[in-house]
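Structure first, then comments.
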Amino acid sequence: MKFIDSIYNKKDVITNIAKDILFRILGSLLSAFLFLNLLPTFMFIVYMKEKGIFSYDLFSNGVFGMSVFFFYGIMIILLLSIFMTSSLFFLIGLIIKKKCACNNSQKPKYCKYDYLEGKELTEEEKYRKRSELNNKDYIYLLIGSLLLNALFIFGLATVKQPIGNLFFLLSICSILTIHFANFIYLKAKFTIASLLFLFPFSILILFTYSPQTADIISFGLHSFNSSNKIVDVKDMNNNILLSGKMLLLSPENIYVYTQENNETNSTQIIKRDNIIINIKN
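Next comes the structure, spelled out in structure tokens:
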């Protein structure tokens with residue numbers, strides 16, 4: 044009977060591990076879609092709303108270019124998250140370990156396993172605990188990351204820029220850090236619930252800090268010579284059609300902000316067929 048019971052116990056462990064892996068794969072795919080695809084798309088929408096334009100061809104014909112730009116932008120935000128909010132990751136880890144250090148009857152449902160010292164762990168709990176750090180490790184990492192975050196944020200604060208930009212970056216980086224911490228520390232199915240809560244909140248931040256969102260997109264596009272540059276638009280005979288500040292260079296059109304006699308402001312939309320675009324540094 045003990046042999047049969049052990050077989051059933053191992054079967055349950057394998058089933059639970061398989062479910063956890065399945066939920067984590069689902070959570071990873073959903074996170075990638077929402078944060079690597081949908082979130083940057085909303086950032087572009089906010090940017091175009093702030094500039095008073097909308098480019099249909101950007102979403103229909105510029106998918107590859109947008110994907111490259113999105114990947115570049117997300118990598119920058121992830122790097123900023125390490126320098127600005129990584130202490131949140133270790134703080135959440137400590138809190139969850141403390142919450143889960145109780146009897147099974149009192150343990151919250153989101154706990155991956157029991158953290159009680161001296162408790163004999165099941166095979167499933169041993170499997171999950173192999174990659175975990177102890178409390179001292181968390182405290183050391185928390186102190187180190189707090190110093191890193193404080194120094195980096197202080198450095199950003201000393202740079203002449205609107206304070207709203209700093210709050211915007213802190214908000215977005217905090218959301219990504221919290222989601223990553225939940226993904227690591229919580230049971231897989233609870234990370235999906237966390238994602239469905241945090242993503243709408245991140246969209247709310249984009250629209251709340253819409254000028255800052257537009258500034259971030261403008262800075263990125265400027266690096267690719269696709270926005271925020273002074274341009275001369277010429278015909279094929281090298282005659283200047285107009286000059287102004289480029290708002291967006293899409294696959295089919297160029298959007299140029301012009302000002303005449305310091306009075307009349309307008310945005311010109313010009314097809315890129317048979318024109319020459321001279322971008323000034």
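First residue of the sequence shown: 44, per our numbering; consecutive thereafter.
Built from N, CA and C at the ideal position, the CB exists for glycine as well.
Per DSSP, the beta bridge partners of residue 310 are 300.
With contact defined as three or more Cβ pairs closer than 8 Å, the region 204-221 and the region 119-131 are in contact. In this structure, the straight-line span from the alpha carbon of residue 258 to that of residue 90 is close to 8 Å.
The straight-line gap separating the alpha-carbon atoms of residue 92 and residue 142 is approximately 44 Å. When the beta-carbon positions are compared, residue 269 and residue 249 stay at least 8 Å from each other.
Within the same chain, Cβ atoms closer than 6 Å to the Cβ of residue 214 are found at 248, the five residues on either side in sequence being excluded.
An exposed status is given to residue 107, since fewer than 16 other beta-carbon atoms sit within 10 Å of its beta-carbon.
The closest CA to that of residue 254, considering only 204, 109, 81, is found on 204.
Of the candidates 224, 310, 297, the residue whose Cα lies closest to the Cα of residue 181 is 224.
Under the DSSP assignment, residue 279 falls outside any beta strand (DSSP E); it carries neither an H nor an E label. Following the DSSP letters along the chain, one finds residue 104 inside the alpha helix (DSSP H) bounded by residues 99-104.
Of the candidates 297, 74, 289, 131, 74 places its Cα closest to the Cα of residue 240.
Classified as exposed, residue 279 has fewer than 16 neighbouring CB atoms from the shown chains inside 10 Å of its CB. In the DSSP assignment, the residues bridged to residue 287 are 274. Membership of residue 218 in any beta strand (DSSP E) is not indicated; the residue belongs instead to the alpha helix (DSSP H) covering 206-228. Looking only at 58, 57, 71, the smallest Cα-Cα distance to residue 231 is reached by 71. Residue 182 carries a helical assignment under DSSP once its states are collapsed to helix, strand and coil. Between the beta-carbon of residue 323 and that of residue 272 there is about 7 Å, and that keeps the pair under the 8 Å contact cut.
Residue 319 is bridged by DSSP to 277. When beta bridges are read from the DSSP output, residue 292 appears opposite 297. By the neighbour-count criterion, in which a residue is buried when 16 or more other Cβ atoms sit within 10 angstroms of its Cβ, residue 243 is exposed. For residue 238, the enclosing alpha helix (DSSP H) covers residues 231-251.
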